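Structure record follows, encoded as structure tokens.
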Amino acid sequence: MPLHALRLLSTSIVPEGTSIATLSFTDTLQLAAGRAWSRRVSTQSRANIPPRKRATRVSTQPQRSTEDSGPSTLKPAGYFSKQRQKKWDVRTQSLARDADRGKDAGIRTILPLGNDCCPNVVYFDPETIDSKVNQRHPAHDSRDNSEYYDIFDVIPTNVMPHVLTQVSESDPCIGKSPTIPAPTSQLSLHRNLLFLLQKPKPPPSLPSIIDYYNLFPQWHSTRSCNLLIHLALRNRSFGVVRRLLASFRESKLHKNTETYRLEIRWLVLRGKWDEAWSYANRVKEDISPQGHIPFPIWLELCRIHDRPYPKYTPSKDNQDFVISPQKHGADLSLFRSHHETLRRHLSPSMPPLSSTSPFAIRTIVQLMVKSGHRDNAMELAQNYLKSLPPQLSPRISDGSLNIIHALMMSVPSKNGLPKFYESRSTLVSLMNFNSSLRPTPRTLYMLLQPLFRAKKSGTVAWDTLQSFKSQWGHHFAADRRVLRRISQLALKEGRLDIVNKISRMEELDRLSRQRQLKEQDAMNSLEISSTNPYSRPALKRIYTKNGREARLWFRHRIRIRRNLKVRVRRALTSQPG
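Oh and the sequence shown: position 530 is 532 in this note's numbering, straight run, nothing missing.
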């Protein structure tokens, strides 16, 4: 039995006192050999079993009894099948009771149940099975018991079934998800929420986390409520945010700077920038003793959201809601007015450039680009990259690359090869300001975007991949998104040689990744638990789209096969005669 197939079994036969999660590789091989031996014994014992009796077809009409001992009675359809199932259930329960009492029920020795074993599973050693496997089952002595005849004719005569009854979901033998203790304070509830967001795979849904939070109203705190509001904003659940903000008044919780910051983000996401600006001016007296807008709240007003959120307005009859045709974030004059307002009201608490986070710089750069001040945004990014130390941490390096990506994708050139070459020159010029910056596969994926409007798209993309591999490493060829984009560009150009190379590379990488995941899954070591305390939610996306890239690759393979069929059909029709 393959190692990755062990997880498909609801129960497993394990030695005494051994759990499934702690099985070694040798124990797994021994278990597989034992099961193979028992199947071989079962095959050899079939020769001594009488030929299988032909099953009688059950008519759908009421049947007439042919017994001579009494008057004729009519039996409804399915009556005998129900009686047969009832007898099998009684027989199964009897065998289970005999196994629990230690009686000889076809097994010479029954292992005692350990702490990790299931009470409704019989564990046995194949070496202790009686050698007289060709002995007929007692149920076969009578030809009238055809239901037992059909059930036991493929099983060794004195070998018990591994599972006597159905294993329920609450069975202790099934792996349980990590449990957390009940909170005893506001801090413990906050840590439990962080644990639920980071450790379980897949993480629980937002309604489940909200329900868990509502189970302990006595331990509600501003910190825990802010965490849930932050999670709801990431999922664009604006109704949940409204209810959580209303719970502040019900629970008599005090708002802090983080709460005001999340409220302003909620208003900006909904397209109500003017209302967010008015709210920030109203609460600045409560937030700052100097009476100015703090920098974190000022930064929330600089956010740019490319995704348009529809604005629902009531219709004239006040019965239905219609979607406003206005797309928030698409008007250049609107962004310019926001930029001018924020520039006139700069926050005095703004940190120096070298101490500013990359996220803040990227937010300001995006607003300047959207408002038509790309040259000023380019100058700000260059000054920031110059102020960074030579050695960067992974967090600062990734944030700096996001700044470069924002400027790289906003070049004003015409789409196609001109935009591709200008984006590449912008990337190289900005990366030269700090020697620690290295492009990632996401950088190459975004750089190849303008080539969809180019004629020699596949050739240029393949040459760019080879250049990146020779200059910065071979990890670019292992990214599925990059390979898929290059394959799409090559298929568009008609370079089937590049398509075949990319397909072979992706298939080898996919098989290697599947083999590694199956081995890790069999050894129950998909993720190593961290000992670091949970202080804040992870920066990565919590709710990932599992299987999205596999689905896109599946669709791309269909396009490749369809393209090949069209080419073959054209070649056949173009032949003379």
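Ideal placement from N, C-alpha and C gives every residue a C-beta, glycine not left out.
For clarity, every value in this text was computed on a predicted model and none was experimentally measured.
Hey, how far is the Cα of residue i from the Cα of residue j?
{"i": "Ser207", "j": "Arg225", "result": "20 Å"}
{"i": "Ser389", "j": "Thr181", "result": "46 Å"}
{"i": "Asn502", "j": "Gln368", "result": "39 Å"}
{"i": "Asn237", "j": "Arg305", "result": "17 Å"}
{"i": "Pro443", "j": "Trp474", "result": "11 Å"}
{"i": "Ser402", "j": "Asn385", "result": "12 Å"}
{"i": "Ala472", "j": "Thr466", "result": "A small correction: the amino acid at residue 472 is Ser; Ala does not occupy that position in the sequence shown. Answer to the nearest angstrom: the Cα atoms are 10 Å apart."}
{"i": "Glu509", "j": "Ile488", "result": "15 Å"}
{"i": "Ala480", "j": "Ser469", "result": "15 Å"}
{"i": "Glu521", "j": "Gln577", "result": "52 Å"}
{"i": "Asp29", "j": "Arg37", "result": "12 Å"}
{"i": "Thr575", "j": "Arg272", "result": "57 Å"}
{"i": "Ser190", "j": "Arg41", "result": "52 Å"}
{"i": "Val430", "j": "Ile398", "result": "18 Å"}
{"i": "Val242", "j": "Ala234", "result": "6 Å"}
{"i": "Leu255", "j": "Pro296", "result": "21 Å"}
{"i": "Asn565", "j": "Gln518", "result": "33 Å"}
{"i": "Ile266", "j": "Leu198", "result": "26 Å"}
{"i": "Ile562", "j": "Arg483", "result": "16 Å"}
{"i": "Phe240", "j": "Ala35", "result": "57 Å"}
{"i": "Val568", "j": "Glu424", "result": "36 Å"}
{"i": "Leu301", "j": "Ala282", "result": "11 Å"}
{"i": "Ile212", "j": "Leu195", "result": "10 Å"}
{"i": "Asp523", "j": "Asp333", "result": "50 Å"}
{"i": "Pro391", "j": "Ser359", "result": "13 Å"}
{"i": "Ser531", "j": "Phe27", "result": "With a pLDDT of only 48 at Ser531, under 50, the local geometry of the prediction cannot be trusted, and the value read off the model is given with reservation. Going from the Cα of Ser531 to the Cα of Phe27 covers about 22 Å."}
{"i": "Leu336", "j": "Val570", "result": "54 Å"}
{"i": "Ala573", "j": "Arg559", "result": "21 Å"}
{"i": "Glu2", "j": "Pro205", "result": "Residue 2 cannot be examined here, being either before or after the span of the chain that is shown, 3 to 579."}
{"i": "Asn378", "j": "Ser357", "result": "20 Å"}
{"i": "Ile504", "j": "Arg440", "result": "24 Å"}
{"i": "Leu269", "j": "Pro202", "result": "31 Å"}
{"i": "His294", "j": "Arg284", "result": "10 Å"}
{"i": "Trp39", "j": "Met525", "result": "24 Å"}
{"i": "Ser514", "j": "Leu31", "result": "22 Å"}
{"i": "Arg245", "j": "Phe361", "result": "29 Å"}
{"i": "Leu498", "j": "Ile363", "result": "43 Å"}
{"i": "Leu449", "j": "Lys257", "result": "43 Å"}
Should residue i and residue j be called a contact, given that it needs their Cβ atoms to be closer than 8 Å?
{"i": "Trp279", "j": "Leu303", "result": "yes"}
{"i": "Tyr214", "j": "Leu230", "result": "no"}
{"i": "Val462", "j": "Ser412", "result": "no"}
{"i": "Leu409", "j": "Leu394", "result": "no"}
{"i": "His407", "j": "Thr445", "result": "yes"}
{"i": "Ser459", "j": "Lys494", "result": "yes"}
{"i": "Phe435", "j": "Leu387", "result": "yes"}
{"i": "Pro185", "j": "Phe218", "result": "yes"}
{"i": "Trp464", "j": "Ile500", "result": "yes"}
{"i": "Gly374", "j": "Arg338", "result": "yes"}
{"i": "Met507", "j": "Leu485", "result": "yes"}
{"i": "Gly496", "j": "Ala456", "result": "no"}
{"i": "Lys421", "j": "Ser415", "result": "yes"}
{"i": "Trp275", "j": "His192", "result": "no"}
{"i": "Ile366", "j": "Leu355", "result": "no"}
Measuring from the CB of residue i, is there a heavy atom of the ligand FMN at a distance below 7 Å?
{"i": "Met352", "result": "Looking at this structure, you won't find the ligand FMN or any other ligand, since it has none at all."}
Rounded to the nearest angstrom, how far is the Cβ of residue i from that of residue j, given a contact under 8 Å?
{"i": "Pro298", "j": "Thr343", "result": "With 8 Å as the limit, Pro298 and Thr343 do not qualify as a contact, their Cβ atoms being about 18 Å apart."}
{"i": "Cys227", "j": "Ser210", "result": "Contact flag wrong, Cβ pair sits at about 17 Å."}
{"i": "Gln584", "j": "Trp221", "result": "Given a span of 3 to 579 for the chain in the structure shown, any question on residue 584 remains unanswerable."}
Fill in: Stretch pair the stretch 285-294 + the stretch 336-353: three plus CB contacts closer than 8 Å
yes
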